[in-house]
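Data block below; observations after.
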Amino acid sequence: MSVVLILTILIVIGALAFDFINGFHDTANAIATAVSTKALKPRQAIMLAASMNFLGALTFTGVAKTISKDIVDPFHLEHGSVVILAALLSAIAWNLITWYFGIPSSSSHALIGSIAGAAIAAEGLNVLNYSGFIKIIEALILSPILAFTVGYIIYSIFKVVFKNFNLTKTNRNFRFIQIATAALQSYSHGTNDAQKSMGIITMALIANQFLPHNADVPFWVQLSCATAMGLGTSIGGWKIIKTVGGKIMKIRPINGVAADLTGAAIIFGATYIHLPVSTTHVISSGILGVGASHRLKGVKWDTAQRMIITWVITLPITALISAIIYFVLHFFF
């Protein structure tokens, strides 16, 4: 068996492992509000998220194409397979570290920072496709700000529309609506997050000449990544569910619906224009926006501060980790 084939197989396994971990790491994003308001029992919420993530992952491929071509050109990487494998190992390591400590960090930041770091270690700073890379970074920066703003606006509208309604009855009705919005948000999560692994596998297949330069994402890649994310989601990320569902603000059903609609809208918008965004930060920022609109003092800003710090440090740390892993792997391949 050739070294190229061995590396390709390792990359496929690593990408599916990343998708699996991404599934249980990011389960909380889509269902934490529904669980915290008791709209769904935890096991029901996780199974709903798993199935909708699976369906979402099968629906689109635009983000996968962005990941596979806009950060670095696979054909310009002399050691492209080693770069991709190092990036995957780095992103997996960071996801596991942040999951262990219950920090809702971004799998997208981790993967993109890791690809950039390993590529720079291999070929130098000029290897990056700066126009595509900057476009992705802009999306990662602007999407949480947009989510905060939209969440604030949506909940402000809710406050005006439902101000004369019976609070208990309104929350009871919104608890049923939350089941639908949690499903919608889970579906949107699948449309964006699972595609990142699809992009990685496609990049490896192109770099190793198993696919032509302008090839679309093969269906078997879509199906395997969707399955891996669905299985991972079914495991559940309880530590992060606690953080997103209760440590940002006290969530009631009407808050949860506003936050879910915000997250789904921003993620769908990004998927539509083929841009990867951090579903973690979009959804968490949507909750912060809703909380700020509801009552500023009701938001636990120390949790928000910890999330922002993690958001800032993820790219440079994963870039450094992947560069180190690249140099280690380069001795063997």
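Counted from 1, the sequence shown has number 333 at position 290 by this note's numbering; the numbering is strictly sequential. Note that beta-carbon positions come from the ideal geometry of N, C-alpha and C, so glycine has one too.
Which runs of the beta strand (DSSP E) at least 3 residues long sit entirely within the region 208 to 274? Give them in chain order. none
Can the beta-carbon of ILE179 be found closer than 8 Å to that of THR109? yes
Spatially closest choice to GLY99 from LYS206, VAL320, TYR230 and ALA58, by CA coordinates: TYR230
Status (buried if at least 16 other CB within 10 Å, exposed otherwise) for LEU304: buried
Within 10 Å of its beta-carbon, does SER267 have 16 or more other beta-carbons around it, so buried, or fewer, so exposed? buried
Apart from the five residues just before and just after PRO261, which ones in its own chain have a Cβ nearer than 8 Å to its Cβ? THR245, LEU248 and LEU254
Is the separation between the beta-carbon of ASN96 and that of MET241 shorter than 8 Å? no
Span of the alpha helix (DSSP H), counted from its first residue to its last, around SER186: 173 to 204
Three-state secondary structure assigned by DSSP to VAL115: It is a strand residue.
List in chain order: all unbroken alpha helix (DSSP H) runs of 4+ residues lying wholly within the region 311 to 362. 322 to 337
Separation of ALA73 from HIS152, as counted between CA atoms: 18 Å
Would DSSP call ARG295 helix, strand or coil? coil
Range covered by the alpha helix (DSSP H) that runs through VAL125: 123 to 143
Is the Cβ-Cβ distance between ILE330 and THR322 less than 8 Å? no
C-beta atoms of ALA301 and TYR198 nearer than 8 Å: yes
According to the Cβ coordinates, are VAL46 and PHE376 closer than 8 Å? yes
Nearest-angstrom Cα distance between GLY288 and ILE294? At GLY288 the pLDDT is 45, less than 50, meaning the model places this residue with poor confidence and gives no usable figure here.
Please classify LEU50: does DSSP put it in a helix, a strand, or coil? helix
For ARG218, is the classification buried or exposed, using 16 other Cβ atoms within 10 angstroms of its Cβ as the cut-off for buried? Counting Cβ neighbours within 10 Å, ARG218 comes out buried, since at least 16 surround it.
Determine whether the beta carbon atoms of GLY275 and PHE67 lie at a separation below 8 Å. yes
At a cut-off of 7 Å, is ILE74 close to the ligand ADP when judged by its beta-carbon and the heavy atoms of the ligand? With respect to small molecules bound, the structure shown includes none, and the ligand ADP cannot be examined in it.
What residue range is occupied by the uninterrupted alpha helix (DSSP H) comprising ALA159? 150 to 166
Could you round the C-beta distance between TRP354 and HIS324 to whole angstroms and report it? I think they count as a contact, below 8 Å. Their Cβ separation, rounded to whole angstroms, is 6 Å, which keeps TRP354 and HIS324 in contact under 8 Å.
Between ALA103 and GLN238, what straight-line distance do the alpha-carbon atoms span, to the nearest angstrom? Rather than Ala, the amino acid found at residue 103 in this sequence is Phe. Answer to the nearest angstrom: the Cα atoms are 8 Å apart.
Where TRP142 falls, given that 16 or more other Cβ within 10 Å makes a residue buried: buried
Kindly indicate the opening and closing residues of the alpha helix (DSSP H) around PHE97. 85 to 102
Since ILE114 contacts LEU171 with CB under 8 Å, what's their CB separation in whole angstroms? 7 Å
Helix or strand or just coil, what does DSSP make of LYS81? In the three-state reduction of the DSSP assignment, LYS81 falls in the coil class.
State yes or no: is the C-beta of ALA129 within less than 8 Å of the C-beta of LEU358? no
DSSP state of SER45, grouped into three classes? coil
8 Å Cβ cutoff met for SER124 and THR51: yes
When the distance is taken between beta carbons, is PRO296 closer than 8 Å to ALA82? yes
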